[in-house]
Amino acid sequence: MTTAASALPPHSTTVLPTTADIIAAAARMEGIVRHTPLQRSEFLSRFFGANILLKREDLQPVRSFKIRGAYNRMVQLSRAERQRGIVCASAGNHSQGVAFACQALGISGTLFMPASTPALKVNKARQFGGQQVRVVLTGYTFDDACAAAREFERQQGATFIHPFDDFDVICGQGTLGLEVLADQPESIDYLFIPVGGGGLASGLGTVFREQSPDTRLIGVEPVNAAALKHSLAAGDNQTLAQIDPFVDGASTRRIGELGFEICRQTLDQVVAVDDADTCRALINLYQEEAIVAELSGCLSIAALEGFREEIAGKTVVCLLSGGNNDFHRFAEIADRASAQS
1 MTTAASALPP
11 HSTTVLPTTA
21 DIIAAAARME
31 GIVRHTPLQR
41 SEFLSRFFGA
51 NILLKREDLQ
61 PVRSFKIRGA
71 YNRMVQLSRA
81 ERQRGIVCAS
91 AGNHSQGVAF
101 ACQALGISGT
111 LFMPASTPAL
121 KVNKARQFGG
131 QQVRVVLTGY
141 TFDDACAAAR
151 EFERQQGATF
161 IHPFDDFDVI
171 CGQGTLGLEV
181 LADQPESIDY
191 LFIPVGGGGL
201 ASGLGTVFRE
211 QSPDTRLIGV
221 EPVNAAALKH
231 SLAAGDNQTL
241 AQIDPFVDGA
251 STRRIGELGF
261 EICRQTLDQV
271 VAVDDADTCR
281 ALINLYQEEA
291 IVAELSGCLS
301 IAALEGFREE
311 IAGKTVVCLL
321 SGGNNDFHRF
331 AEIADRASAQ
341 S
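So the sequence shown is numbered by full-length UniProt numbering: it starts at 1 and just counts up by one.
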């Protein structure tokens, strides 16, 4: 894995975000995005013999970090773009962030979501957006919904708000890192980051490599949708032939292009965790900490077992990235939790 000091290839013209860009994003969303708590988990700290801190993005108004990037992108739209409206594709959480921003900014939006999206996320998107948004359920995966949204963009002239492959979205997600460092002035040894399309990991990687370079950054993907891990091993950004969308908030066939460039330079390691481990992490959070999390939000915690010896006695931050879990999924989650890894 390359280090933070690594440069892009000489021929690349990609402009990467800086901490200054992310600080500017934080100023734009003041009063809109909640500064969520960095909370010590007594259960996990005892279990792993470490100081385990949870960044509680499940406590955002839309129950996930996605409001950050969506709002930072949309608040900068021109008057003409606002009048034409926006379109997005999402497995659920991004749509809620976009819907919230549509309502706050008075922008009309069309939200494409996979038909497999948990009903809770669909209903919440409609609730947050109200009369400003229309939800369209199509396809089985995020990639199916994204193709439909892109076609809508072409036909209607709406502005596409990408869930992760966008400079301003990445900057918005990175504001989360500023909060973590403000709330934990002592050194952070490890930061575990859920990875779906790579926007969150890119924003955090940017902040931490500039402001906390000694922190070891670990990206965590579902084993059946490990696009970043696969691409890093191959040496370039590749598209998975197929994925299992069970961990719906972190299942995409391809990492964002900008995100891949940032992640390959800033992350120290990327691991893939079994669904059974993720399900057990979700259940443990609920039973031991009374925290209702979603599967993608638990990826960072599910990865801890594989680092048990390394993290002993260390300060570890786990990004609990969302809490939009549907009660009707619990039977399946419990069933998968009992499976052998």
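Virtual Cβ for every residue (Gly too), placed ideally from N, Cα, C.
Source: prediction; values computed, not measured.
Less than 7 angstroms between the C-beta atoms of residue i and residue j, yes or no?
i, j, result
"P222", "A250", "yes"
"L282", "A290", "no"
"L319", "S300", "yes"
"G219", "G69", "no"
"G129", "F164", "no"
"residue 342", "T36", "No answer is possible for residue 342: the residues shown for the chain start at 1 and end at 341."
"G322", "D58", "yes"
"D189", "T315", "yes"
"I255", "A272", "no"
"T175", "I22", "yes"
"A89", "A149", "yes"
"R336", "C279", "yes"
Which first and last residues belong to the alpha helix (DSSP H) in which residue i is found?
i, result
"N51", "Where N51 is concerned, there is no enclosing alpha helix (DSSP H), although the beta strand (DSSP E) it sits in stretches over N51 to R56."
"T19", "T19 to R28"
"F47", "E42 to F48"
"G31", "G31 -> no alpha helix (DSSP H), and no H or E assigned at all."
"R68", "K66 to M74"
"G97", "N93 to L105"
"I333", "F330 to A337"
"R308", "R308 to I311"
Please report the residue range of the beta strand (DSSP E) in which residue i lies.
i, result
"M113", "G109 to M113"
"V87", "I86 to A89"
"L299", "Careful: L299 lies outside any beta strand (DSSP E), inside the alpha helix (DSSP H) at L299 to A302."
"T206", "That residue, T206, is in no beta strand (DSSP E); its alpha helix (DSSP H) goes G199 to Q211."
"F192", "Y190 to P194"
"V316", "T315 to L320"
Leaving aside the five residues before and after residue i along the sequence, list all residues of the same chain whose C-beta is less than 6 angstroms from its C-beta, in chain order.
i, result
"A339", "A276"
"Q269", "I218"
"L137", "M113 and A115"
"E179", "H35"
"R216", "Y190 and D268"
"A225", "I243 and S251"
"G203", "I170, Q173 and G174"
"A201", "I193, V195, G219 and C263"
"K124", "Q96"
For residue i, I'd like the list of residues in its chain whose CB is within less than 7 angstroms of its CB, leaving aside the five on either flank, ordered along the chain.
i, result
"P118", "G92, D248, D326 and R329"
"T19", "T206, V207, E210 and Q211"
"G313", "G49 and A50"
"M1", "For M1, the pLDDT reaches just 36, beneath the cut-off of 50, and the residue's location in the model is therefore unreliable, leaving the point undetermined."
"C146", "A89"
"residue 343", "The chain is shown from 1 up to 341; residue 343 falls before or after that span and cannot be answered."
"R28", "N72 and V75"
Can you tell me which of the options puts its alpha carbon nearest to the alpha carbon of residue i?
i, options, result
"L120", "D189, S95 and Y140", "S95"
"Q61", "I52, T141, E305 and F100", "The displayed chain sequence assigns Pro, not Gln, to residue 61. Cα-wise, what sits closest to P61 is F100."
"E257", "Q155, L204, F167 and A80", "F167"
"F47", "P194, T138, I193 and F307", "F307"
"L105", "Y71, S116, D335 and C298", "Y71"
"Q238", "P245, F260, N224 and F246", "F260"
"R40", "V317, A89 and A334", "V317"
"residue 342", "G235, A233 and R253", "Look at the range of the chain in this structure, 1 to 341, and you will see that residue 342 is not part of it."
"V33", "I67, I193, A233 and F43", "I67"
"Q132", "E332, R82 and I311", "R82"
"residue 402", "S202, C263 and L53", "Because the chain in this structure spans residues 1 to 341, residue 402 falls outside the shown range and cannot be described."
"A26", "G177, L304, L16 and A145", "G177"
"S45", "E305, A334 and E332", "E305"
"N324", "S187, R134 and F65", "F65"
"L295", "I311, A334 and E309", "A334"
Suppose the cutoff is 8 angstroms on Cβ atoms and the five residues either side in sequence are ignored; what does the same chain contact list for residue i look like?
i, result
"I86", "M74, L77, V98, C102, I107, S108, G109, T110, A158, T159, F160 and I161"
"L38", "L53, L54, K55, R56, E179, V180, D183, Q184 and V317"
"F43", "N284, E288 and E289"
"E153", "V87, T159 and F160"
"V245", "According to the sequence shown, residue 245 is Pro rather than Val. So the list reads A91, P114, S116, Y140, T141, F142, A225 and S251, once near-sequence residues are dropped."
"R126", "A99, V133 and V135"
"S187", "S212, D214, T215 and T315"
Does the beta carbon of residue i fall short of 6 angstroms from some heavy atom of the ligand NAD?
i, result
"S45", "Although the ligand NAD was asked about, the structure shown includes no ligands whatsoever."
Would residue i pass as an interface residue toward chain D - the criterion being a Cβ-Cβ separation below 7 angstroms?
i, result
"T315", "Going by chain labels, chain D is absent from the structure shown, which holds only one protein chain."
Next on the checklist: List, from N- to C-terminal side, the beta strand (DSSP E) runs of 3 residues or more that fit wholly inside the region 117-174.
Outcome noted: 133-137
Item to check | Complete runs of the beta strand (DSSP E) confined to the region 223-283 [at least 3 residues] | outcome: 269-273
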